[in-house]
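The block underneath contains the structure these notes are about, expressed in structure tokens.
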Amino acid sequence: MTRTVKAAIIQMANKLDTSEPCAAHREAMIEAHLPFIERAGDQGVQMLCFQEIFTGPYFCPSQDSKWYDLAEPIPDGPTTRLMCEHARRHGMVIIVPIYEEHMTGVYYNTAAVIDADGTYLGKYRKNHIPQVAGFWEKFFFKPGNLGYPVFETAYGKVGVYICYDRHFPDGARCLGLNGAEIVFNPSATVAGLSEYLWELEQPAHAVANGYFVAAINRVGHEAPWDIGEFYGSSYFVDPRGQKVAQASRDQDEMVIADLDFDLIREVRNTWQFYRDRRPETYAALTEL
């Protein structure tokens, strides 16, 4: 019997002027996502993921401490608790990328993973934190300290890699070695320098590691920073590096795809990258 998983990803534009308080942003973005969550449940979606820091704008073009107020605890914060309820009601695994407050003054770019019975399984904290013009993330996020966990869910083994992480093949390989069958990459990326990499890197990770990748990007322009167009184009890619489904560039959209997880074994038995890797020769990777 074919092992098929129905998965969905949601891309969305920011809903409020950035002058509004953080609590209003959180409320507006969650309200905008709820109809999509309901539709996903109605259509039998088994895994669902949102974009990076889905409860507000991508505020990292600023260095404004106002945005610390968008952070919340995981799993005891309001957004994780709410998504646990939706996961339980729909029998759906939900990956929830939000701004995490670990303790006062210590914040992470994080994704909570919730199982289909509403159980909080754990979280991934973004490991690679950029600090370049328009992306002043070190002002807002401490680098992740939880490694590259893979979560055993009701429908499959889930890994998470967040935005800038995707430029680093090492963590993507760690997720494969830890057993990931699908890796969700919630992102906030704009047109320009790295847009061609959006179409290249995730298929490369999928091929090199023999798993599915779901790449999620937001849409629209976000004033007052307007560092460029968040160009959507969210997609699923299979272990052969072939796109299964892709969203548009410029609108709120949910992409649903039926993913044949049996393909993972077929591809790995064809391309023996795990058998033929030579970790004993890679010491320089951690010495330089």
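Heads up: the sequence shown begins at 1 in the UniProt record's numbering, then just goes up one per residue.
For glycine and all other residues, C-beta sits at the position ideal for the given N, C-alpha and C.
Predicted, not measured: the structure shown is a model, and the values here were computed from it.
> Between which two residues does the beta strand (DSSP E) carrying D42 extend?
Replying inline: Judged by DSSP secondary structure, D42 falls outside any beta strand (DSSP E) and instead within the alpha helix (DSSP H) spanning 22 to 42.
>> Helix, strand or coil for H102? Go by DSSP, reduced to three states.
In response: Residue state, collapsed to three classes: strand.
> Leaving out the 5 sequence neighbours to the left and right, which residues in its chain are closer than 6 Å to L48 when beta-carbon positions are compared?
Replying inline: Cβ within range, chain order: A8, A40, M92, I94.
> Quick one: what's got a C-beta closer than 8 Å to K6's C-beta in the same chain, skipping five residues either side?
Replying inline: Only Q43, G44, V45, Q46, M47, I256, A257, D258, L259 meet the Cβ criterion.
> What span of residues does the alpha helix (DSSP H) with E121 cover, start to end?
Replying inline: The displayed chain sequence assigns Leu, not Glu, to residue 121. Counting along the chain, no alpha helix (DSSP H) covers L121; the unbroken beta strand (DSSP E) around it starts and ends at 120 to 125.
>> By the DSSP assignment, the alpha helix (DSSP H) with N269 in it spans what residues?
In response: Segment 262 to 270, the alpha helix (DSSP H) holding N269.
> In three-state terms, what does DSSP make of P224?
Replying inline: Here DSSP, grouped into helix, strand and coil, assigns P224 to coil.
> Of the choices Q202, D238, A188, whose alpha-carbon is the least far from that of Y231?
Replying inline: Nearest C-alpha to Y231: A188.
>> Quick check on the burial criterion: 16 or more other C-beta atoms within 10 angstroms. Buried or exposed for L263?
In response: So L263 counts as buried.
> Which residue comes first and which comes last in the alpha helix (DSSP H) that contains L177?
Replying inline: Counting along the chain, the alpha helix (DSSP H) containing L177 begins and ends at 169 to 177.
> Under a Cβ-count criterion, where at least 16 other Cβ atoms within 10 Å of its own Cβ denotes burial, should K66 be classed as buried or exposed?
Replying inline: By the neighbour-count criterion, in which a residue is buried when 16 or more other Cβ atoms sit within 10 angstroms of its Cβ, K66 is exposed.
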